[in-house]
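Take a look at the structure set out below.
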Amino acid sequence: MSTVTVTLVQVDGEVITIEDAPVGESLMEVARSRGVDGILGDCGGGCACATCHVYVDPAWEAKVGKPDDIEEMTLDMVSHVTRDNSRLSCQIKLAPELDGLRVNVAPAD
Amino acid sequence: MSTNNESARLDSCPVAGHEPSLASASLKDPELRAHPNEFYWTMRHRDPVHFDEGIGMWLVSRFEDLQAVFADPVVFSVEAGFKDSYAKGFFDEFKAILEAEGGGFFPDAIMTDPPEHTRVRKLMEQAFTAHRVKQLEPEITDVVSGLIDRFADQGHADGVSDFAVPMTIEIICAQLGIREFDPEKIQRWSLAVTAQISQMQDREAMVRNAKDICDLQNFLIAEIRKRQQTPQDDLLSDLIHARAEDEAENTLTFEEVVSLARALMIAGNETTATALGNLLYFLATRPEMQRELYEHIDDDRYTTRFVEELLRLEPPVRGLARTTTREVELGGVTLPAGAHMLLLYASANDDETVFECPRKFDMARKNIGRQMAFGGGVHRCVGLSLARMEVKVAAREFVRRLKDIRLDMPVEDVRYLPTVATRSIEHLPLTFSKR
Ligand code: HEM
Ligand code: FES
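Structural data, given as structure tokens:
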């Protein structure tokens, strides 16, 4: 399978489903190219700007996994909006086992 | 107005009283550039998108208005105003000098607008991700330790010329793969390039700077030629030989490679050196912070936040330019097409609607990552992870090795470089003792 389906819920509640998200790309790249509100990706996936912050749906948390130390550090700088299920979507690489992934876009403030 | 009083007053919260008159104030004034926070405050509250007669630019001062600018990089263009603001007033002459003596005039391949910008930018982003920069930490620590060793026994040094400037030059040259260089020349070249966006250059200075930029370009062209045939394991070779999977030719033209090498060398130097100067000034004037930092020296979360809050409080880049490509409304003002703007990142970082008690150094801020020292949007600093790492390692190694760091001059004698673009300390004599 070379594409998967992912769903992002924007801060305004609108649900964006992307059915042909290429495996191997990051969730940030896919969401940004579809113009998902709130996924800016300023640093281009460098794990440094936190403008691609999402909350992973509880059903998907285990499969997506936890942030590494570097990602933790970047998330810590926006701790006014982080939760236990926070991830930077540029660090989520789409893979076949993530087919169906669902996340909520985190607000900037 | 004494500096000490100003910082004491602004450090208390909320900011009160005294408003400089906007009509007579201008960033042209060195005194105002040295102590600009009241001016920023007044603008944000009285005239957030304010026309500064002295430099002929619209100053954008509020956080939210800057966000609106970042959201539309085509209407608020980097490229459109280039000719008007670069080498201000002397563009054609400047260009002719570079063509005659500097191997060519190479327009900045990163000072463009989407979609061209997107293509070039992608290539640079891969070089400086947080994960790649993390691997450079030991190497950066070696450079910093080496520099501190040179003056640790002496008990005194200049924080700018003995530390900040040589440190950033060594690190960016190591990344580019340039092994032999004269740090003094590179420092001169950096100043010559940044002078082109400073709005403060007369004709004589322009000619002098243009010659320095010719030198810089000739130096880079020689380094690039060496790698065209035989790539090496360095950033310069990566830029030259970068190509996408479906491309038969290298992605970047020769002109683009020269311009990007120049941009990396300069953008990475002046700005980071300024940040390091600010760091040392901060430590030297706040002994309690030297102690606190020392107590947390191996706490990565602490040092990371320390650096971010320092960059928020004392952003090295005051502001950079944009030009409108059509009539547009911003912050209640209608700007005509072709309006030259200065995005005041420094004022956004001081915006009390986003950062409570903005003049206070407060590492516990939860939204610390919203600070705008690195700009925002598609032009957000590409070297931000490297910059953060450099400042973090410098902070850590300075207090690890030295104590009782003090300014060896009266605070009010600190001078800044004559430019609107950055707020950079010129000289910073320090005394200290070894731990
Ligand atoms: C503390 C140090 C630094 C600060 C405060 C800083 C600040 C900035 C800012 C504010 C911008 C935005 C420009 C705009 O809005 O037009 C920028 C862009 C840029 N910076 Fe930095 N910078 C720093 C260090 C570095 C380093 C170390 C490098 C290179 C390794 C670098 C390379 C660049 C480049 C190439 C751009 C242009 C990006 C673009 O237009 O897409 N900077 N920087
Ligand atoms: S895009 Fe910058 S952190 Fe993800």
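As given, the protein sequences belong to chains D and L, one line each in that order. For the record, in the first sequence the residue sitting at position 14 is 14 according to the UniProt record's numbering, with numbers rising by one throughout. For the record, in the second sequence the residue sitting at position 214 is 214 according to the UniProt record's numbering, with numbers rising by one throughout. Beta carbons are placed, not taken as given, at the ideal position from N, Cα and C, and that holds for glycine.
Limits of the alpha helix (DSSP H) - the one that residue i falls within
i                 : result
Pro166 of chain L : 165-176
Met57 of chain L  : Premise fails: Met57 of chain L lies in the beta strand (DSSP E), 57-60, not in any alpha helix (DSSP H).
Val399 of chain L : 384-401
Leu343 of chain L : Careful: Leu343 of chain L lies outside any alpha helix (DSSP H), inside the beta strand (DSSP E) at 340-344.
Ser21 of chain L  : No alpha helix (DSSP H) contains Ser21 of chain L, which DSSP labels as neither H nor E.
Ile221 of chain L : 203-229
Leu123 of chain L : 116-125
Val378 of chain L : No alpha helix (DSSP H) contains Val378 of chain L, which DSSP labels as neither H nor E.
Ala68 of chain L  : 63-70
Lys83 of chain L  : 82-85
Val133 of chain L : 130-135
Ser237 of chain L : 235-241
Three-state class that DSSP yields for residue i in the structure shown
i                      : result
Arg34 of chain D       : coil
Phe94 of chain L       : helix
Asp350 of chain L      : coil
Ala248 of chain L      : coil
Ala157 of chain L      : strand
residue 439 of chain L : Residue 439 of chain L lies beyond the residue range present for chain L, which begins at 1 and ends at 435; the question has no answer from this structure.
Ser26 of chain L       : coil
Asn4 of chain L        : Residue placement at Asn4 of chain L is flagged as unreliable, the pLDDT there being 45, under the threshold of 50; the coordinate-derived value follows with that caveat. Asn4 of chain L: helix per DSSP, three-state reduction.
Ser424 of chain L      : coil
Val333 of chain L      : strand
Ser190 of chain L      : helix
Phe181 of chain L      : coil
Ala16 of chain L       : Unreliable positioning characterises Ala16 of chain L in this predicted model, as indicated by a pLDDT of 48, which lies under 50. The coordinate reading is nonetheless provided below. Reduced to three states, the DSSP call for Ala16 of chain L is coil.
Ile140 of chain L      : helix
Arg415 of chain L      : coil
residue 442 of chain L : With chain L running from 1 to 435 in the structure shown, residue 442 of chain L is simply not present.
His35 of chain L       : coil
Val257 of chain L      : helix
Ile110 of chain L      : coil
Ile197 of chain L      : coil
Asp408 of chain L      : coil
Asp362 of chain L      : coil
Check: residue i C-beta below 7 Å from any heavy atom of the ligand FES
i                 : result
Gly383 of chain L : no
Gly38 of chain D  : no
Ala164 of chain L : no
Met28 of chain D  : yes
Cys52 of chain D  : yes
Leu94 of chain D  : no
Cys43 of chain D  : yes
Test item: CB-CB of residue i and residue j under 8 Å
i                      : j                 : result
Leu313 of chain L      : Val420 of chain L : no
Leu216 of chain L      : Arg262 of chain L : yes
Met289 of chain L      : Leu66 of chain L  : no
Lys403 of chain L      : Asp153 of chain L : no
Gly155 of chain L      : Thr431 of chain L : yes
Val382 of chain L      : Phe106 of chain L : no
Ile213 of chain L      : Val393 of chain L : no
Arg423 of chain L      : Ala346 of chain L : yes
Cys52 of chain D       : Ser89 of chain D  : yes
Glu327 of chain L      : Pro336 of chain L : yes
Ala395 of chain L      : Val307 of chain L : yes
Val49 of chain L       : His379 of chain L : no
Leu59 of chain L       : Leu280 of chain L : no
residue 143 of chain D : Ala48 of chain D  : Absent from the structure is residue 143 of chain D, since the part of chain D shown begins at 1 and ends at 109.
Leu123 of chain L      : Gly177 of chain L : no
Gly81 of chain L       : His340 of chain L : yes
Tyr40 of chain L       : Ile197 of chain L : no
Span of the beta strand (DSSP E), counted from its first residue to its last, around residue i
i                 : result
Thr431 of chain L : 429-434
Check: residue i C-beta below 7 Å from any heavy atom of the ligand HEM
i                      : result
residue 437 of chain L : No information on residue 437 of chain L is available, as it lies outside the stretch 1 to 435 that chain L covers here.
Phe63 of chain L       : no
Ile140 of chain L      : no
Met268 of chain L      : According to the sequence displayed, residue 268 of chain L carries Gly and not Met. At least one heavy atom of the ligand HEM is nearer than 7 Å to the Cβ of Gly268 of chain L, so yes.
Residue i beta carbon near the ligand ADP (any heavy atom closer than 7 Å)
i                : result
Ala48 of chain D : Judged by which ligands are present, the ligand ADP is missing from the structure shown, whose ligands are the ligand HEM and the ligand FES.
Beta strand (DSSP E) runs contained entirely in the stretch 259-321 of chain L, provided each spans 3 or more residues
none
Enumerate, from N- to C-terminal direction, the unbroken beta strand (DSSP E) stretches of 3 or more residues contained entirely within the UniProt domain "2Fe-2S ferredoxin-type" (2-109) of chain D.
3-9, 15-22, 53-56, 86-88, 102-105
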